[in-house]
Amino acid sequence: MSVSSSPQEVRPRASSRPANDWRLLLSLWPYARRSGGLLVVSLLLLVPLSAASAIQPVLVQQAIDGPIRLRDLAGLSRLAGLLALTVAVQLAFQSVQGYLVQKVGQQITATIRQELFAHVLSLPAKFFDRTPVGRLITRLTSDVEALGDVFATGAIGIVSDLFSLVVISVTMFSVRWDLALLLTLMLLPATALIVFFQHRYRVANYKVREELSTLNSILQENILGVNVVQLFRRERFNARQFHQVNRRYVHQVDKTIFYDSAVSATLEWVAIVAIAGVLWLGGRQVIAANVSGVQGSGLTFGTLSAFVLFSQRLFNPLRQLAEKFTVLQAGFTAIERINGILDEPLEIRDPEQPRSLPAHGRGEIRFEGVWFAYKDEDYILKDLSFTIRPGEKVALVGPTGAGKSSIIRLLGRLYEANRGRVLIDGVDIRDITQTELRRHVGVILQDGFLFTGTIKDNVALGEPYSLEAVQGAARRMNVDSFIRQLPQGYLTPVRERGSNLSGGQKQLLAFARAAIRNPRILVLDEATASLDVGTEVLVQEALEQLLEDRTAIIIAHRLSTIRNVDRILVLKQGQLVESGSHQQLLDQGGLYASLYKLQMLGQ
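Residue numbers (our numbering): 36 to 638.
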């Protein structure tokens with residue numbers, strides 16, 4: 036699947052071609068194959084299930100034409116017992132098979148959800164730039180559930196129903212070919228109508244999924260931004276917006292309900308007509324046989340009763356087949372949407388033969404003719420070249436949109452440069468693994484994101500650091516005292532997005548994260564912007580220790596905080612326009628001097 040540069044989400048086209056449907060269904064086979072044993076048992080159970088269902092009308096026919104007509108109570112008891120046995124077998128095996136197919140479906144669902152989640156986390160940052168979070172949540176939840184139903188309820192169920200239809204049809208023709216042919220011919224218009232309505236259902240269900248994704252996107256956006264919603268009194272406006280999307284969603288759901296109901300109504304009507312046809316044709320033959328008085332030359336009452344039962348059993352699998360086709364159509368939509376995510380290419384990959392950064396390296400950074408654009412040819416960085424020497428502290432300065440954050444994203448390889456190279460200690464970052472790159476490049480952002488877990492978990496972030504190591508990093512960053520004041524210290528639970536901590540406290544933990552990893556290069560992207568004056572003094576003391584013997588890139592809009600760096604790189608529209616120390620740039624009287632004077636004037 037090609038990746039579009041459009042900011043809108045890429046939507047796979049719905050298709051109703053049978054070949055495409057089979058291709059979608061077969062795409063589940065690698066997951067189903069892992070539960071091969073359960074599948075084989077489920078399919079083997081179809082034989083006794085279908086045989087029991089097909090033989091029951093025959094037993095009724097034999098009971099009516101034999102023991103009942105001859106008043107043979109012993110024979111009637113035997114046939115009644117055999118009929119009860121077939122019913123018991125059918126109920127028992129049906130329960131076992133239902134359990135097995137549901138278990139297979141849940142295993143498939145869990146596997147696909149896990150692989151989809153892992154794939155999403157590996158996708159490049161530009162994918163998340165154009166895809167709303169609510170749409171991804173829909174893919175990972177309701178779409179995956181619908182996909183699991185495709186196999187558990189749909190695919191195996193369809194095989195079961197088709198097998199039952201074949202067994203019942205063969206049994207009918209072996210008993211009476213003319214009535215069997217009548218019932219078989221009645222299946223043709225029913226099948227045609229089902230195919231038509233199922234196609235319409237597929238189209239409507241695709242739109243339902245799209246509207247549900249939009250609905251979830253609005254929900255997620257408003258819940259995360261509830262403070263802004265309330266502060267700016269947007270409750271009514273956002274409620275009206277949600278109401279409009281909700282109405283569109285309900286309208287599309289109503290369409291799927293209509294087509295689903297149309298299938299059920301059609302089958303009921305055809306089944307009644309089939310029974311009427313059997314009664315009309317078979318009843319005439321029974322009457323004719325009774326009038327002639329010649330036994331065995333016409334249709335018996337027992338055979339007619341058996342075909343009434345056959346007509347019910349013939350249309351029951353067809354009715355269930357239609358219901359499962361509805362599940363399949365919903366599932367095909369989900370498969371298309373999920374495949375749209377799984378087919379997203381992993382643009383940033385580790386090299387097949389990775390190199391390692393030199394052990395003696397000290398963090399030299401070099402940009403060589405780098406061009407970079409988030410979209411098409413709208414370049415943010417234009418032929419950018421500079422070198423940061425090992426251990427040098429460099430600040431990036433420039434107006435909004437100059438490309439400062441883009442440099443950091445390229446250095447961390449969250450995005451790939453369109454042209455040019457980025458090197459660390461003489462090695463192209465595309466030639467080393469992402470794990471090694473991010474072990475040597477520590478980044479502290481302005482917004483320190485916290486996960487649900489403990490304070491220790493949020494510093495270690497999944498790495499096997501001991502509590503002592505976490506405490507040591509916290510002490511070096513002057514945050515140990517703040518942590519110990521929490522109710523449970525380092526084991527204090529952190530609520531979602533760190534809502535039980537202040538902005539400054541969350542930022543302090545971000546510094547501890549970087550310190551414990553001891554990176555070769557440290558990037559500070561407005562890292563002290565959310566700290567109060569007292570906390571910033573503590574952090575500045577810790578930073579002096581953390582930055583010692585490390586290469587550092589500092590992005591700061593408050594130019595007064597970067598006076599003491601070794602060098603300042605001034606960017607404008609993606610190009611390097613000035614370079615020098617704080618005093619040198621002031622003496623030049625260029626862009627940096629203008630920005631500095633404006634800030635000092637504002638203060």
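Glycine residues also receive a C-beta, built at the ideal position from the N, C-alpha and C atoms. In this text the structure is predicted, and so the values were computed from the model without any measurement.
Inset, instruction - Using a threshold of 9 Å, state whether the C-beta atoms of G461 and E399 are closer than that. - result: yes
Inset, instruction - Would you kindly check if the distance between the Cβ of R372 and the Cβ of D178 is under 9 Å? - result: Yes, Cβ-Cβ distance for D178 and R372 is below 9 Å.
Inset, instruction - Less than 8 Å between the CB atoms is what I'm expecting for Q287 and K242, so what's the real figure, rounded? - result: 5 Å
Legend entry - Element boundaries [beta strand (DSSP E), containing A549]: From DSSP, A549 is part of no beta strand (DSSP E) but of the alpha helix (DSSP H) over G538 to R552.
Legend entry - Residues near G433 in its chain [Cβ-Cβ closer than 7 Å; skip 5 each side]: Cβ neighbours of G433 beyond the five flanking positions: K439, V605, L606 and K607.
Inset, instruction - For my contact list, L218 and A89 are in at a C-beta cut-off of 8 Å; report their separation, rounded to the angstrom. - result: Not confirmed; about 13 Å, so no contact.
Legend entry - Rounded straight-line distance, which links the Cα of Q469 to that of P393: Going by C-alpha positions, P393 is about 16 Å away from Q469.
Inset, instruction - Please state if the CB of F342 and the CB of P92 are separated by a distance shorter than 9 Å. - result: yes
Legend entry - At least three beta-carbon pairs within less than 8 Å, the region 449-467 to the region 520-539: no
Inset, instruction - Using the DSSP secondary-structure output, state which residues sit across from T422 in a beta bridge. - result: R401
Inset, instruction - Could you tell me if D289 is buried or exposed, where buried requires 16 or more neighbouring beta carbons within 10 angstroms of its beta carbon? - result: exposed
Legend entry - Chain-order list of residues whose beta-carbon lies under 8 Å from that of V321 (same chain, five-residue window excluded): G333, L334, T335, F336 and L339
Inset, instruction - Could you tell me the boundaries of the alpha helix (DSSP H) in which S614 lies? - result: Not the alpha helix (DSSP H): S614 falls in the beta strand (DSSP E), residues Q610 to G615.
Inset, instruction - Check the C-beta distance from G312 over to M221 and give it rounded, since I have them as a contact under 8 Å. - result: 7 Å
Inset, instruction - Use the C-beta contact count for I292: other C-beta atoms within 10 angstroms, 16 or more gives buried, fewer gives exposed. - result: exposed
Legend entry - Exposure of P224, with buried meaning 16 or more beta-carbon neighbours within 10 Å: exposed
Legend entry - Rounded separation between L377 and V612 - CA only: Using only the alpha carbons, I get a separation of about 42 Å.
Legend entry - Buried or exposed (CB count within 10 angstroms, at least 16 for buried), S37: For S37, the predicted model reports a pLDDT of 35, less than 50, meaning its position is unreliable; a value from the coordinates is still stated below. Per the 10 Å Cβ criterion, exposed.
Inset, instruction - Using the Cα positions of D466 and Q388, report the straight-line distance between them to the nearest angstrom. - result: Their backbone Cα atoms lie some 8 Å apart in a straight line.
Inset, instruction - Determine the DSSP secondary structure at S332, reduced to helix, strand or coil. - result: Bear in mind that the predicted position of S332 carries a pLDDT of just 45, short of 50, making it unreliable; the figure below should be weighed with that in mind. If DSSP states are grouped into helix, strand and coil, S332 belongs with coil.
Legend entry - Beta-carbon proximity of S195 to L363, cut-off 9 Å: The beta carbons of S195 and L363 sit no closer together than 9 Å.
Legend entry - Sequence-distant residues of the same chain with beta carbon closer than 7 Å to Y500, five excluded per side: I551
Legend entry - C-beta atoms of F232 and D184 nearer than 9 Å: no
Legend entry - Run of the alpha helix (DSSP H) containing K138, from where it starts to where it stops: L108 to S157
Legend entry - Straight-line Cα distance separating R283 from R474: 48 Å
Inset, instruction - Determine the direct distance from the alpha carbon of T487 to that of V529, and round the result to whole angstroms. - result: Going by C-alpha positions, V529 is about 5 Å away from T487.
Legend entry - 4 or more residues per run - each alpha helix (DSSP H) lying fully within the region 311-396: 336-377
Inset, instruction - Could you tell me if L636 is buried or exposed, where buried requires 16 or more neighbouring beta carbons within 10 angstroms of its beta carbon? - result: exposed
Inset, instruction - Pull up the distance between the alpha-carbon of D515 and that of N599, whole angstroms please. - result: Here the alpha carbons of N599 and D515 stand approximately 27 Å from one another.
Legend entry - C-alpha distance - L485 paired with E498, whole-angstrom precision: 15 Å
Legend entry - Neighbourhood of S41 by C-beta, 6 Å cutoff - its chain only, sequence neighbours within 5 removed: Because the pLDDT of S41 is 34, which lies under 50, any placement of that residue in the model is unreliable, and the number read from its coordinates should be weighed accordingly. There are no such residues.
Inset, instruction - Find the nearest neighbour of F152 within the set V168, L559, G140 and L114, judged by alpha-carbon distance. - result: V168
Inset, instruction - Compare the beta carbon distance of V305 and L228 with 9 Å and say whether it is the shorter of the two. - result: yes
Legend entry - Given I307 as reference, the closest of N351, A509, A160 and G625 once Cα atoms are compared: Across the set N351, A509, A160 and G625, the C-alpha of N351 shows the shortest separation from the C-alpha of I307.
Legend entry - Proximity test, V529 beta-carbon vs the ligand FAD heavy atom, cut-off 8 Å: What this structure holds is no ligand at all, so the ligand FAD is not there to describe.
Inset, instruction - Check whether the Cβ of L377 lies closer than 9 Å to any Cβ atom in chain C. - result: This model lacks chain C altogether; it includes just one protein chain.
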